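Chemist: Residue numbering for the sequence shown follows the UniProt record's numbering, beginning at 1 and increasing consecutively.
This structure is in structure tokens; I'll ask about it shortly.
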Amino acid sequence: MSALAAAQAGNLGVGFSGAGFLIYFYFGVVDVLQRQLGVIKPDMPMAGASSGALILLTTTGIVPLDAMIHETDGLAAYCRGNGACMGTLEGRIRSLAEHVLPASIPLDRNAHVAVTIPARGGAGPQTRLVTNFSGRQDLIDAGVASCYIPYFAGSRLTTSFRGEQVYDGSFNGNGQGWLPCPPGVAHCVRVSSMPAGLRLGELLRSPLRLDQKADTIRAAAIAATALPNAAGATISMATTYAANNGALQDDTAAAGAFLSAMQQLVTPGEGEADVFPGRRHPLPTTDFIWASWLASAAEPAQNKAIFELGQKEAWSWAEENGFVPAGKTLAFGAPSSSSAAAPSLAPLPAVSAVIEAGAKAFNGHRLLLRK
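In structure tokens:
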């Protein structure tokens, strides 16, 4: 069934992949598909992984888009000046959610938050969509868990949610493992934050020469992606974690499975996603630099360009699928500016160069990291 027919039948859904700080692309998409055109409705089935789960706070009508942008501006500014919030991102996201969510929220929203259950007992990692939230805190916990990037948001592979160990809901390979859709809909509008055909796992893993034995510690080197001032923090985190031999043994197999799933991930393109950067409009930078903004917040001017690309791609998709009324034109608007101030990082080099620098830092500590 086409998207328009599903919408007319009241059976349209939407799904958002992981995005990290590329959530600004989603802000632009939501501005068009919800605020300007009404394609996304607060009560429609929806699913999200990682920061794609956070955008559901807006699409469900709980948090206004302007407020969500403002809070994200503050988080991005802080992280730009503090090593991309490496090792502390979990707490920062929790603080954002605590601050932005009203004290009383409706819990009958048809939202599904993706988390990944790590490999255990011979079974591979499993993507799970969680819903039926028991209260405000349960909703916050779900969003934070869905955003838990292993060895980056904190020092461990996993975080705890509803008594289970889980990690980022977009880190389980292709399809639902990257871009979840809600169950039971006639058509799902699939929104991805990444250009088509990008091999994220190879991008992150190959230059670091990771092997399964060392993955548990050196997977933290993923954080070297576009983090010019984070090498010391990465090594410090790895050193601390290496001292906990029990944790190391518990996570080794699961970490290998996590990285294996990431290696297989090829970001979806035409036919696999409906709205994604580069589909109809050029990126404001290279694919590699765009991908680096997933982990390291771009500067405000770049976030404006990311937002506007989200608007353009959403509008193009809506036009092609019959959702734009005759005579209606796209109303451009920039994300709000936060008053939060923090020192920013220098302009980002190419991801491959930064990863290589991170690899050199880790190779200098090879003996420690392999213990």
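A virtual CB, placed ideally from N, CA and C, is assigned to each residue, including glycine.
From a predicted model like this one, the values you see are computed outputs, not experimental measurements.
Assess, as a yes-or-no matter, whether the segment 180-197 is touched by the segment 56-63 under the definition of 3 or more beta carbon pairs within less than 8 Å.
Modeler: Short answer: they don't touch.
Chemist: For Ala6, which residues in the same chain have their Cβ closer than 6 Å to its Cβ, ignoring the five residues on either side in sequence?
Modeler: Taking the sequence shown and counting its residues from 1, the one referred to as residue 6 is at position 6. Closer than 6 Å at Cβ, skipping near neighbours: Leu12, Ala186 and His187.
Chemist: Taking C-beta to C-beta, are Ser192 and Pro268 nearer than 7 Å?
Modeler: Locating residue 192 in the sequence shown gives position 192, where the first residue counts as 1. Locating residue 268 in the sequence shown gives position 268, where the first residue counts as 1. Result yes, Cβ atoms of Ser192 and Pro268 sit closer than 7 Å.
Chemist: Between Gly28 and Leu179, is the Cβ-Cβ spacing less than 7 Å?
Modeler: Your numbering for residue 28 matches position 28 in the sequence shown. Your numbering for residue 179 matches position 179 in the sequence shown. Against a cut-off of 7 Å, the Cβ pair of Leu179 and Gly28 comes out as no contact.
Chemist: Take the Cβ of Gln137 as the centre, count every other Cβ of all protein chains shown within 10 Å, and call the residue buried at 16 or more, exposed below.
Modeler: Against the sequence shown, residue 137 aligns to sequence position 137. By the neighbour-count rule (16 or more Cβ atoms within 10 Å), Gln137 is not buried but exposed.
Chemist: Out of curiosity, what's the CA-to-CA distance linking Pro194 and Val30?
Modeler: Reading the sequence shown from its first residue, position 194 is the one you call residue 194. Reading the sequence shown from its first residue, position 30 is the one you call residue 30. Reading off the sequence shown, one finds Met at residue 194, where the question assumed Pro. Between Met194 and Val30, the C-alpha separation is close to 16 Å.
Chemist: Alpha carbon to alpha carbon, how far is Glu272 from Arg190?
Modeler: Position 272 of the sequence shown, counted from the first residue, corresponds to residue 272. Position 190 of the sequence shown, counted from the first residue, corresponds to residue 190. Cα-Cα distance, rounded: 8 Å.
Chemist: Could you compute how far the alpha carbon of Arg128 sits from the alpha carbon of Trp315?
Modeler: For the purposes of this step, residue 128 is taken as residue 128 along the sequence shown, with counting starting at 1. For the purposes of this step, residue 315 is taken as residue 315 along the sequence shown, with counting starting at 1. Cα to Cα, the separation comes out at about 31 Å.
Chemist: With a threshold of 8 Å, are at least 3 pairs of Cβ atoms found where one atom belongs to the segment 63-83 and the other to the segment 146-164?
Modeler: Segments in contact, no.
Chemist: When DSSP builds the beta bridges, which residues end up paired with residue 375?
Modeler: With the chain covering 1 to 371 only, the question about residue 375 has no answer from this structure.
Chemist: Helix, strand or coil for Cys181 per DSSP?
Modeler: Working through the sequence shown from its first residue, we reach residue 181 at position 181. Here Cys181 sits in coil by DSSP.
Chemist: How long is the line joining the alpha carbons of Gln8 and Gly175, rounded to whole angstroms?
Modeler: Residue numbering aside, residue 8 sits at position 8 when the sequence shown is read from its first letter. Residue numbering aside, residue 175 sits at position 175 when the sequence shown is read from its first letter. Each residue's alpha carbon lies about 26 Å from the other.
Chemist: Please state if the CB of Gly52 and the CB of Ser17 are separated by a distance shorter than 7 Å.
Modeler: Numbered from its first residue, the sequence shown carries residue 17 at position 17. Numbered from its first residue, the sequence shown carries residue 52 at position 52. Yes, these two residues count as a Cβ contact at 7 Å.
Chemist: Can Pro118 and Ala331 be called in contact, C-beta distance under 7 Å?
Modeler: For the purposes of this step, residue 118 is identified with residue 118 of the sequence shown, where counting begins at 1. For the purposes of this step, residue 331 is identified with residue 331 of the sequence shown, where counting begins at 1. Not in contact: Pro118 and Ala331 (Cβ atoms no closer than 7 Å).
Chemist: How long is the line joining the alpha carbons of Leu265 and Gly154, rounded to whole angstroms?
Modeler: Within the sequence shown, the letter at position 265 stands for residue 265. Within the sequence shown, the letter at position 154 stands for residue 154. Near 23 Å, if we compare the C-alpha coordinates of Gly154 and Leu265.
Chemist: Could you compute how far the alpha carbon of Tyr151 sits from the alpha carbon of Val324?
Modeler: Position 151 of the sequence shown, counted from the start, is the residue given in the question as residue 151. Position 324 of the sequence shown, counted from the start, is the residue given in the question as residue 324. Cα to Cα, the separation comes out at about 43 Å.
Chemist: Please list, in chain order, all residues of the same chain as Cys85 whose beta carbon is under 6 Å from its beta carbon, the five residues on each side excluded.
Modeler: Residue numbering aside, residue 85 sits at position 85 when the sequence shown is read from its first letter. For Cys85, where only same-chain residues beyond five positions count, the Cβ hits under 6 Å are Cys79 and Arg92.
Chemist: How big is the Cα-Cα spacing for Asp168 and Asp73?
Modeler: Taking the first residue of the sequence shown as position 1, residue 168 is located at position 168. Taking the first residue of the sequence shown as position 1, residue 73 is located at position 73. Going from the Cα of Asp168 to the Cα of Asp73 covers about 22 Å.
Chemist: Over what stretch of residues does the alpha helix (DSSP H) that includes Pro21 continue unbroken?
Modeler: Here residue 21 refers to the residue found at position 21 when the sequence shown is read from its first residue. According to the sequence provided, residue 21 is Phe. The question's Pro does not apply to it. Neither: Phe21 is in no alpha helix (DSSP H) and is coded neither H nor E.
Chemist: Under a three-way DSSP split, which group does Leu12 fall into?
Modeler: Your numbering for residue 12 matches position 12 in the sequence shown. Strand at Leu12.
Chemist: Enumerate in chain order the residues of its own chain whose CB-to-CB distance from Ala3 is below 7 Å, with the five nearest sequence positions on each side excluded.
Modeler: Counting from one through the sequence shown, the residue named residue 3 turns up at place 3. Leu12, His187, Val189 and Asn321, listed in sequence order.
Chemist: Could you compute how far the alpha carbon of Val166 sits from the alpha carbon of Thr159?
Modeler: The count along the sequence shown starts at 1 and reaches residue 166 at position 166. The count along the sequence shown starts at 1 and reaches residue 159 at position 159. Spanning the two alpha carbons is a distance of roughly 6 Å.
Chemist: Looking only at its own chain, which residues have a Cβ that is under 6 Å from the Cβ of Pro42, when we skip the five neighbours before and after it?
Modeler: Along the sequence shown, read from residue 1 onward, the residue named residue 42 stands at position 42. Once the five neighbours on either side are set aside, the close Cβ partners of Pro42 are Thr60 and Gly61.
Chemist: Am I right that Pro284 and Leu309 are in contact with their C-beta atoms under 8 Å? What's the rounded C-beta distance?
Modeler: Within the sequence shown, residue 284 is the residue found at index 284, counting from 1. Within the sequence shown, residue 309 is the residue found at index 309, counting from 1. Between Leu309 and Pro284 the Cβ distance is about 7 Å, and since that is below 8 Å, they are a contact.
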